[in-house]
Amino acid sequence: MFFLGKHLDPQTQALTDRRLEYDPADLTTHAVCVGMTGSGKTGLCVTLLEEAALAGLPAILIDPKGDIANLLLQFPDLRPEDFQPWVNVDEARRARLSREAYAAQTAERWRAGLAEWGLGPDDLRRLKDAADWAVYTPGSDAGRPLSILKSLERPDLPWEENQELLRERIAGLCAGLLGLIGVEADPVKSREHILLANLFEHAWKNGQSLDLGALIASVQTPPFARLGVFEVDRFYPEADRLALALQLNALIAAPSFQSWISGEPIDVDALLRTPDGRPRISILYVAHLSDAERMFFITLLLEQVVAWLRAQSGTTSLRGLLYFDEVFGYLPPHPFNPPSKTPLLRLLKQARAFGLGVLLVTQNPVDLDYKGLTNTGTWLIGKLQTERDKARLLDGLNTISSAARSSLDIASLDALIASLAPRTFLLHNVHADGPVVFHTRWAMSYLAGPLTREQIRVFKPAPGAEPAAFSPAAFSPADGGRAPKAAARAPVVLRPSSPLAIPAAIPQYFLPPARSLEDSVAAWREATGSRRAVFGEGVDLVYRPALLAQAVVRYAHARSGLNMDRRFAFRVEDPAPDLAPHWRDHEIGAVDARQMERTPPPAARLAGEVPAGLADPKKLAAWQKDLVNALYRTADFTLHENLRLKLYSRPGQSFEEFRARCQQAADEKLRDEVRAIREKYDRKLDRLEDKLVAERRDLKQGEEELRAREAESRWTGIENVVGLVLGYTPYRPMSTATGKDRLAKKARAELEESAETVARLQAQIDTLKAEAQAAFQASKDKWGAAALDIKELRVTPRRSDILVELFGIGWWPHWQIDVDGVPVEIQAFGA
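Just so we're on the same page, our numbering is the position in the sequence shown counted from 1, plus 120.
This is the structure we're talking about:
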C-alpha cells in the first residue's frame, strides 16, 4: 500500500493518527491530481512516485517544469553539505543566514519532518536503491540525450490490421514536424499535412520507413501521381513543395537540431527497466524546450507508448506508470485538438488492459477534456485558486459520474473542497466507500523547486556509464555495417561474359551488385582511410568464383511456441580439393535466392580460375551432404526459459531483455500474491480488531462500574460503623453492605476477565501481523528467486527440417578501380 499521509477530520481540521494508505492497483484506472500553485500538489505527487519506486514499479515521468526532477535529490545521510548546492540563496538571504547555515537549518528541518512521519535515513536508502533513477533531456545533452530517429521509423505492425492506429500515429507525427517549422496544420484542410501524411502512409504500407532526408526528397518528388482526384502538381504545385522542402531542410540543417538525432532511441522498454531487469524511474525533462518542440517530443513519446502497449500481454496487475506533471494544453476540451490529445485519449481508454497506470496533473482544471477522463478512477483534489476553477471541476466530475452511471454528492464535495488548506487533499476513489480528506506526508526527496537545465547536468552519467548512443551510420552496406574488403591484385585477364566450361549439373549463381561504384569507393575510403586518386571510368564489373551454399533450417518447439525458419549461408573462396570445408569459418549473411541470376549480366567479365573441387559434381554432392550433417550437429537455436514463470524468450530477444521480462512477470505475480495475502489477513485482523475495540469498550465500562461499586461499598460500610457508634439503625443494613461487597468483587472479576481478553486479542493481532509479514517476505523471496531461475533451452532441428536451397558456384561481383595506376578490386556485394 502507498503511504500518502494521514486522515484529517474534516469537521475540526485536526490530524488523526490513521494513515492514509492507497492501493496501487487502483492506479490501473488512472488518476488525476488538481491543485493551485502552493497547494502542495508537487509534494503529494513526489510522495506518490516515491511509494511507486519502493513498490518496485517502473515509471516514465514527463516533467515540463522541472519540479519532478526533485526526485533525484535524495540525501540518505541528511548532511548539510548535501543540501547546500540546492538551497535557495534568496531564501537564505531573507532569513539573514549564510548559505552554509541555511543548508544546515534545511537539513535539520528535513530530518525532523521525516521523523514526525516515522521516516528516517534507512527509508531514504531503501528509496535510493529501489530503482535506477535517470533523467533524459531531448534536444539537449544536459542529461541523457534522446534520439527521435527511431520514432520516425515504421512501427512493426501489419498495416491492414492496424490502419486506424497507424494513421493516428502518422497524423501526430506530421503535426509535430510541421509545428517545428511554424506551420499550424489541420489534418483535413492543410496541404502540408495531407502531403506528409500520404508520404508516410505510402511508405509504411509498402513496409518502408521514411527518415527526414527521404521525407524531404519525397516532398519534392512524391511517389504517387494523385492526391484525391487531383494530380499532385495541381493540388500542391512543385514550387510550393520546394518551399516546404526547404523549410524542413533548414530544420535538420540547423546545428541545434543535431542534439535531436543523437543519443538513445525512445525505447519504452529501456525507459521502464534496465537491461538487467531493475525498475527504472525515467524523468523526461522538457522544461528547456519551446512550446512547439515540447509538443513534438511529447506526441512522439505518447505514440511510442501506444505502440509499446500493442506488444504487451494483457494483465490486471499494475506493471508501470506514465506520469504527466502539467497536462495543460495537451488534453484540452472540444473543439481543440493538439497532436498530443489523440494518443493521450487512447492511453486513457486502453492502457488499463495492459497494466499501465496514467497519472495526469494540472493546476488549471478549466482546460481539461472531462469527457475523455470518464475512465479515471482516482481524483486527488487540492486547494483551488478561484470559484470558477472549483465550479468547472465539480461540473466535470458530475459529467464523469453521469457517464459512469454513478451517483455523486456534489454539494458535499463542494463543501469539502472549500475547506482544503495547503498540503491537504480530497481523495475521491471509485474503488473506495467515499471521499476522504487527508494531509500529505513529508517527502523523502528534497523539494528544491524547479531545477534548471544546468542543474540537471549534475545527474548525467559518466561517459563510461552511458549506453551506446543511437545515431545514423556513415554508410549502411548490405552486409550489416562491415566495410567492403579491398585487395590489390595483379592485372587480370578478362574473359568474355559467358560461363566457363563447367558441367551442366553444377548450378551457377550470379549475385547482383549490392552497391554502386560510388558507394563502394566511399566505403573503401572509409575503411582504409585512403585519400589517393581513384579512377573508374569505363571499368566493368568483375565476377570471381567461389562456392555458394545456403540452407533453410526450420525450428519447431511446441512448449515455447517456437516455429521459425533461419537461413545459413556460406562462401568458400578456395576450397581444398580433398577436404570438406569447415563451414563455420565461411559463414556469411544470407543472400536473396530470388535475386540470383543463372546467366551473367551482359556487361559482366568473369575472372579467375574455378577451383578444381567446384567443377566436380560428385565432390559437390558429398560436400552438400556434409553441410546438412554439419547443420544437424551444430545449428542449434538457443532460447531461454523460465519454467517457474512459464516464460520463453522470443527469437531475437537478448538475455537481458528476457531477464527484464521475467522480472516484470515475477513482480506482477508478487503483487497479486501480496494482495491476496493482505486480503486474507485483513479479514482476520478486522474481525479481531472489532472484537478488541468492543472489549476495550467493555473494559472501560467495567472499570467505571468497579469504581462505582467500590465507592458504594465503602460508603455503606462507613454508614454502618457510624450507626453502631452513635446508636441508631443505619439506613443500609449489614446484609446490604455484604451484597455491595459481593457486587464489587463480581465487577472486579469481570474486569480482570475483560483485561485478559484484551491482552489475548492484542496478542492474537500481533501474531497475525507477524504471520502476515512473514508471508509477505516469503512471497518476496519466492518470486525474487523465480525471476532469476532462467535456463538455456537448445532447440535442435531434425534432418528433414534442413533444406538446401542454393549449392554451387557463386559468381561474386567486384569493382575494379585504378588507384594511382595500381588496379584494386573492391567488393560490390555484401559478404
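Quick reminder that beta carbons are idealized off the backbone N, C-alpha and C, glycines included.
- In the same chain as H322, and ignoring 5 residues on each side of it, the C-beta atoms closer than 7 Å to its own belong to P343, F344, in chain order.
- By the CB criterion at 8 Å, I386 and L476 fall outside the cutoff.
- The alpha-carbon of D396 is positioned some 22 Å away from that of Q424.
- Per DSSP, I403 is one residue of the beta strand (DSSP E) stretching across 400 to 405.
- Of the candidates G163, H150, P144, the residue whose Cα lies closest to the Cα of H559 is G163.
- Ranked by Cα distance from R577, the first of E170, V166, A189 is A189.
- The Cβ-Cβ distance between R573 and G383 does not fall below 8 Å.
- Taking 8 Å as the upper bound for CB-CB distance, A251 and L479 are not in contact here, some 16 Å apart.
- In the DSSP assignment, H559 falls within the unbroken beta strand (DSSP E) covering 556 to 560.
- Of all C-beta pairs linking the stretch 544 to 552 to the stretch 234 to 246, fewer than three are shorter than 8 Å, placing the two stretches out of contact.
- If you ignore the 5 residues before and after Y566, its C-beta comes within less than 7 Å of the C-beta of N190, L193, F195, F203, W206, W230, all in its own chain and listed in chain order.
- Shortest Cα-Cα distance from Q893 to any of S774, K800, T149, N518 involves K800.
- Every alpha helix (DSSP H) of 4 residues or more that sits fully in the stretch 497 to 549 is shown, in chain order, as 507 to 523, 530 to 538.
- The stretch 717 to 730 makes no contact with the stretch 780 to 789; the number of CB pairs closer than 8 Å stays below 3.
- Judged by beta-carbon spacing, T167 lies within the 8 Å limit of A563, meaning their Cβ atoms are closer than that value.
- For G158, same chain residues with a beta-carbon under 8 Å away, outside a window of 5 residues either side, are K503, P542 in chain order.
- The DSSP-derived three-state label of S260 is coil.
- Beta-bridge partners assigned by DSSP to E141: F123.
- Per DSSP, the continuous beta strand (DSSP E) segment holding K911 begins and ends at 911 to 915.
- The closest CA to that of G516, considering only L540, N484, S539, is found on N484.
- With a contact defined as Cβ atoms closer than 8 Å, T482 and L488 qualify at about 6 Å.
- If you look at A173, you'll find it in the alpha helix (DSSP H) that goes 161 to 174.
- In this chain, the alpha helix (DSSP H) harbouring H313 covers 311 to 325.
- Measuring C-alpha to C-alpha distances from W253 to each of A713, I180, V672, D411 identifies I180 as the nearest.
- Look at W230 here: in three-state DSSP terms it is helix.
- Between P452 and L422, the C-beta gap is not smaller than 8 Å, which leaves the two residues out of contact.
- The C-beta distance from D183 to I403 rounds to 5 Å, short enough to meet the 8 Å contact threshold.
- Under the three-state reduction of DSSP output, I937 falls in the strand class.
- About 4 Å separates the CB atoms of E273 and S329; that is less than 8 Å, so the two are in contact.
- The stretch 665 to 675 makes contact with the stretch 926 to 942: 3 or more CB pairs, one atom from each, lie closer than 8 Å.
- Under DSSP, T758 forms a beta bridge with R914.
- In the DSSP assignment, R687 falls outside any alpha helix (DSSP H) and lies within the beta strand (DSSP E) extending over 682 to 692.
- Less than 8 Å separates the beta-carbon of L819 from that of L871.
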